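Residue numbers (my numbering), protein chains in the order written: chain B, 26 to 139; chain V, 276 to 388.
From the three backbone atoms N, C-alpha and C, an ideal C-beta is built for every residue, glycine too.
Fair warning: this is a prediction, and the values are worked out from it, not measured in the lab.
This report concerns only the one structure given below.
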Amino acid sequence: NAGVMQNPRHLVRRRGQEARLRCSPMKGHSHVYWYRQLPEEGLKFMVYLQKENIIDESGMPKERFSAEFPKEGPSILRIQQVVRGDSAAYFCASSPLSTRETQYFGPGTRLLVL
Amino acid sequence: QQQVKQSPQSLIVQKGGISIINCAYENTAFDYFPWYQQFPGKGPALLIAIRPDVSEKKEGRFTISFNKSAKQFSLHIMDSQPGDSATYFCAASGTSGTYKYIFGTGTRLKVLA
Chain B
26 NAGVMQNPRH
36 LVRRRGQEAR
46 LRCSPMKGHS
56 HVYWYRQLPE
66 EGLKFMVYLQ
76 KENIIDESGM
86 PKERFSAEFP
96 KEGPSILRIQ
106 QVVRGDSAAY
116 FCASSPLSTR
126 ETQYFGPGTR
136 LLVL
Chain V
276 QQQVKQSPQS
286 LIVQKGGISI
296 INCAYENTAF
306 DYFPWYQQFP
316 GKGPALLIAI
326 RPDVSEKKEG
336 RFTISFNKSA
346 KQFSLHIMDS
356 QPGDSATYFC
366 AASGTSGTYK
376 YIFGTGTRLK
386 VLA
């Protein structure tokens, strides 16, 4: 029973490029959360999605960031025109419908913007 | 009001000792309080979680103590081992029905052999 999968694990982008981060939730989980962790800091909520729906994006910057969770395939967090301040670890978590409060985290994608 | 305050920032404990990490919250609508363990370069792993209707929960060497009136909860690691050396995060959720977590800032624990 595979856990939450994220890829790539490491991503290097130059300023102005696009970063695309993928998350495959645990089997049977239909709720996906994205969090960002800056160096030496805690995790900050960004967005909560269910299949084909964004439920809560209150933690997501208004510009350049977007997220989706299509009917088929992984959830995608997209960052357009990256800046150095976007360098961070981005974690995806999933939860099952039966115990929605329990979130299982993936290994994260470490984004470095040069 | 959405903050979760965690202390200490770092902690050094001798092998076999007790590690204690504290968290405090303001929002009384929180109703789920998990603790996560994170090793360098890894994702957070759920350790143990508690709801406000109980004052203590124990799983192996890990215990959560919960004080609803004081709006505080703590993690106790008994018989701490060098393998417990990691960063520990408390979190709270339940305010909006979305179950998003509000995390504490983390405690870096080092257990000396």
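Alpha carbon of residue i to alpha carbon of residue j, nearest angstrom
i	j	result
V/P357	V/S294	12 Å
V/S360	V/Q289	11 Å
B/R20	V/K317	Because residue 20 of chain B is not part of the residues shown, which for chain B are 26 to 139, the question remains open.
B/R135	B/Y60	12 Å
B/F94	B/G133	17 Å
V/S368	B/A114	21 Å
B/L137	B/V108	10 Å
B/F90	V/P283	33 Å
B/S55	V/Q347	31 Å
V/K332	B/G41	48 Å
B/A92	B/A27	23 Å
B/R45	V/A345	43 Å
B/E43	B/P86	15 Å
B/R103	B/A118	16 Å
V/Q277	V/W310	17 Å
Residue i burial status per 10 Å Cβ neighbour count (16 or more: buried)
i	result
B/H35	exposed
V/F314	exposed
B/P50	buried
V/D354	exposed
V/I287	exposed
B/G131	buried
V/P319	buried
V/A304	exposed
Cβ distance (whole Å) where residue i is taken to contact residue j below 8 Å
i	j	result
V/Y307	V/R326	6 Å
B/Y129	V/L321	7 Å
Other residues of its chain near residue i: CB distance less than 7 Å, five sequence neighbours each side excluded
i	result
V/R336	I352, M353 and D354
V/K280	C298, A299 and G379
B/K69	Y60, R61 and G84
Cβ shell of residue i (< 8 Å), same chain only, five flanking positions each side left out
i	result
B/T127	S120 and P121
V/V329	F341
V/L387	I287, V288, Q289, K290 and P357
Beta-carbon proximity list for residue i, same chain, < 6 Å, skipping 5 on both sides
i	result
V/R383	S285 and T362
B/P99	R47, C48 and S49
V/K343	P327
Residue i Cβ short of 6 Å to the ligand MN heavy atom set
i	result
V/G316	This structure simply doesn't include the ligand MN, nor any ligand for that matter.
Output, in sequence order along the chain, the residues in the region 337 to 365 of chain V whose CB is closer than 8 Å to any CB in chain B.
F364
Could you name the residues of the region 304 to 321 of chain V whose beta carbon sits closer than 9 Å to any beta carbon of chain B, in the order they occur along the chain?
D306, Y307, P309, Y311, Q313, G316, K317, G318, P319, A320 and L321
Please name the residues in the region 59 to 83 of chain B whose beta-carbon is closer than 7 Å to at least one beta-carbon of chain V, in chain order.
E66, G67, L68, F70, Y73, I80 and D81
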